[in-house]
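Shown next, in structure tokens, is the structure this report addresses.
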Amino acid sequence: MAASAGYFAIGHRSIQLIPVNLRKPNYKPPLSRARKIPPPKEDSYCLTDELNIAAIDFGTTSVSVSYITKGDKKFSMLSLDNKESSRVCNALLLKKEDNGKMKVEAFGSVARNNFITMRSAEHHTHIYFERIKMLLRREKLVNRDTVVESFSGDKFYLVEVIAFILKQLKDLLIEHLSCTVKPLMTTDFDWVITVPAIWDARGKRMMREAAYLAGLLTEYGGISKFTPVSHHSLPLPDEFNLDRLSLALEPESAALYSQKTVGDQIKSDPDTAIIHHPTDYMLHENIPTGNAWGGTQVNEAFSKILEDMVNDPGFKKFLASGEHTKNMADIIKIFYSEFESEKLIFGMEMDQTKEIRIALPTGFAKFYDEALKAGVKRRSGIDYEDDRVYIFEKVVESELFGPALNGIIECTLQAIEDNDTDLSTFYLVGGFGGCSYVHKKVKAAIEKSFHGQGRSCNVIVPPTPQLAVATGAAMWRRNPKNIKARRSDATYGIEQEEYRCTNVFSVFLEKGELVQADEVITTSLVPLKQSDEQAQITIYSTPNLGVQYTEDKNGKSTVKKIGQLVIDIPNPDNLPKEKRQIDITMDFSGTEIEAKAEYHITGEENYQVH
């Protein structure tokens, strides 16, 4: 599942290399292939407790931080939001200062409440953001120059907004530890940030750059002002201590957490065990699949209902009727505060709660009063009275929760069907996944599918499912080789110009291929011309199989650029180009692509993470 949808961690007793056949009948093999270098043989998988680890679960709607310090055995959650909660809404309120810098005035639900109740005179001095992560979905053309608009109406570079949020989380952790017996600095930590498995290299690169800007890997403090949006490209951030930052995949993190916590429960009370916990396992990641169905889509469904009732798509008339920022604060209060609370109550207590009741802000209710009265007459299952909207159970189930649940169930059943492994245990995690109503519906759908085949299964919600991803990410960093292998989500390669024809796509890895831990792939090039003193190697990807060229017959690109290696290749001894070898090595075994170019004559290297 994607970030907001919760995650299914699929458990089985032993690891099987699942055959994946994605090739169509008209598949064409690559004209050029790099070679795999087998991983070194190891007797055991490395586990270290000599690291300080901090993992940030940067969710669509919420964020949380898990950490562990050297020698500790237990993972801890950082209390956020005025020390009241370990998982808070992903909301940030900044205040403009006279020197052009920005000060974080509030974070989480405190930021939301402050923005909603803010005086009109304060609006021009503050900037508010909430739920920006969904801009990074695979289908979006996101790059480092992507611009996002705040709820205050101003525009900023998305990577810098993310950096401010990461910096705030970092500062809260360091401040918390300064009051304990183990005061630590930012650079004492290995940092982990979670990302959805379905993100491509651009979204992952965005998070890595945001971490550099946030100061996660240095002691300089981090971002303090925004770069004015212009037609010029955003400057590249300085990169330090690259190996102290990792990106963890959300489903993997959730799986590690679920297997560990459920296993601990069984060990402490074996008589209550309903599954057999594997005692010796490694996770095997298949091709990332998922969708964006989750709690956010329930909110969007409610917005659609309300927009239809007042006959005003996007509430444009209301937003244009007065002060835009103040009216936007009313919209936020309806969807992110009032409805969010009612949604949680219905989801956790569906047996006692038969309807959702939304209190509308006075300004909103007054503006749309006649439209709301007319709207409830046009449809059944919804009522409006005394500035409140009442949504009856049948509408909540069919129109609010229904589409999101159907999307999750359809995607999950398809994933089960596509796997040849004998699956038996499913873990449902995340804020939405931990909801009783969601668990009930998803459990029923999976069990029905299994029972129809004469099989049995278990659908389990582990303890504190909303914290599973953050804690699991910290677990993964402590022992990354718990993930034995991954399958490639796309086809990756470079352009090979040594052949008689141009634009040959030299493939390093095809979509669906299995990459073992510590396995790297390499090829060698020589300069195109004898006079070349610099080589530029562009790295491409495509979601397709059978791509042989970087351009089709009409000159249209068949691949997309995801990175570039630039390396100096001087030739002081005037050697022939055939002896000026450049080795290109890519490591796909982690959550990011690590690429390196090395020039044999000088030993110079260029290293990139994507």
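Position one of the sequence shown corresponds to residue 1466 (our numbering), numbered consecutively onward.
Every residue gets a Cβ at the ideal spot worked out from N, C-alpha and C, and that includes glycine.
Going by beta carbons, residue 1812 and residue 1901 fall inside the 8 Å limit.
Taking C-beta atoms as the reference points, residue 2054 and residue 1983 count as a pair closer than 8 Å. Between the alpha carbons of residue 1529 and residue 1681 lies a distance of about 16 Å.
Ranked by Cα distance from residue 2041, the options 1539, 1764, 1518 and 1991 are led by 1991.
Three or more Cβ pairs closer than 8 Å define a contact, and the segment 1921 to 1930 falls short of that threshold against the segment 1516 to 1534.
When the Cα atoms are used, residue 1985 and residue 1946 turn out to be separated by approximately 15 Å.
Closest by C-alpha distance to residue 1849, out of 1858, 1862, 1835 and 1859, is 1835.
Bounds of the beta strand (DSSP E) holding residue 2064 are 2059 to 2064.
DSSP, reduced to helix, strand and coil, places residue 2071 within a strand of the structure shown. The three-state reading of DSSP puts residue 1517 in strand, counting E and B together. At a Cβ-Cβ threshold of 8 Å, residue 1924 and residue 1873 do not count as neighbours.
Beta bridge pairing from DSSP links residue 2014 with 1969.
Taking C-alpha positions only, residue 1988 is separated from residue 2049 by approximately 5 Å. In this structure, residue 1518 places its C-beta atom within 8 Å of the C-beta atom of residue 1942.
The segment 1668 to 1732 contains, as complete beta strand (DSSP E) runs of 3+ residues, the segments 1710 to 1714 (chain order).
For residue 1853, the enclosing beta strand (DSSP E) starts and ends at 1853 to 1857. Per DSSP, residue 1656 is one residue of the beta strand (DSSP E) stretching across 1654 to 1660.
For the pair of segments examined, the segment 1966 to 1981 was found to touch the segment 2008 to 2017: the number of CB pairs separated by less than 8 Å reaches three. Going by DSSP, residue 1879 is part of the alpha helix (DSSP H) stretching over 1867 to 1883. Pairwise C-beta distances place the segment 1561 to 1574 out of contact with the segment 1658 to 1670, as fewer than three of them are shorter than 8 Å. A residue is called buried when at least 16 other Cβ atoms come within 10 angstroms of its Cβ; residue 1690 does not meet this threshold and is exposed.
Distance from the Cα of residue 1522 is smallest, within the candidate group 1491, 1593 and 1676, for 1676.
Here residue 1786 is exposed, its C-beta having fewer than 16 other C-beta atoms within 10 Å. Between residue 1632 and the set 1618, 1647 and 1656, the nearest pair of CA atoms involves 1656.
With 16 or more other Cβ atoms from the protein chains shown falling within 10 Å of its own Cβ, residue 1808 counts as buried. Distances from the alpha-carbon of residue 1562 to those of 2064, 1581, 1764 and 1592 put 1592 closest.
With fewer than 16 other Cβ atoms inside 10 Å of its own Cβ, residue 1582 counts as exposed.
By the C-beta density criterion, residue 1975 is buried, having at least 16 other C-beta atoms within 10 angstroms.
Taken in chain order, the complete alpha helix (DSSP H) segments of 4 residues or longer contained in the segment 1885 to 1972 are 1901 to 1916 and 1933 to 1943. For residue 1635, the number of other beta carbons within 10 angstroms of its own is at least 16, and it is reported as buried. Within the DSSP bridge table, the entry for residue 1663 names no partner. Following the DSSP letters along the chain, one finds residue 1621 inside the beta strand (DSSP E) bounded by residues 1620 to 1622.
Listed in chain order, the beta strand (DSSP E) elements of length 3 or more contained wholly in the segment 1767 to 1851 are 1820 to 1824 and 1847 to 1850. The continuous alpha helix (DSSP H) containing residue 1575 extends over residues 1574 to 1581. Residues 1692 of the same chain have their beta carbon placed closer than 8 Å to that of residue 1700, with the five preceding and five following residues left out of the count.
Between residue 1615 and residue 1972 the beta-carbon gap is near 42 Å, outside 8 Å, which marks them as no contact.
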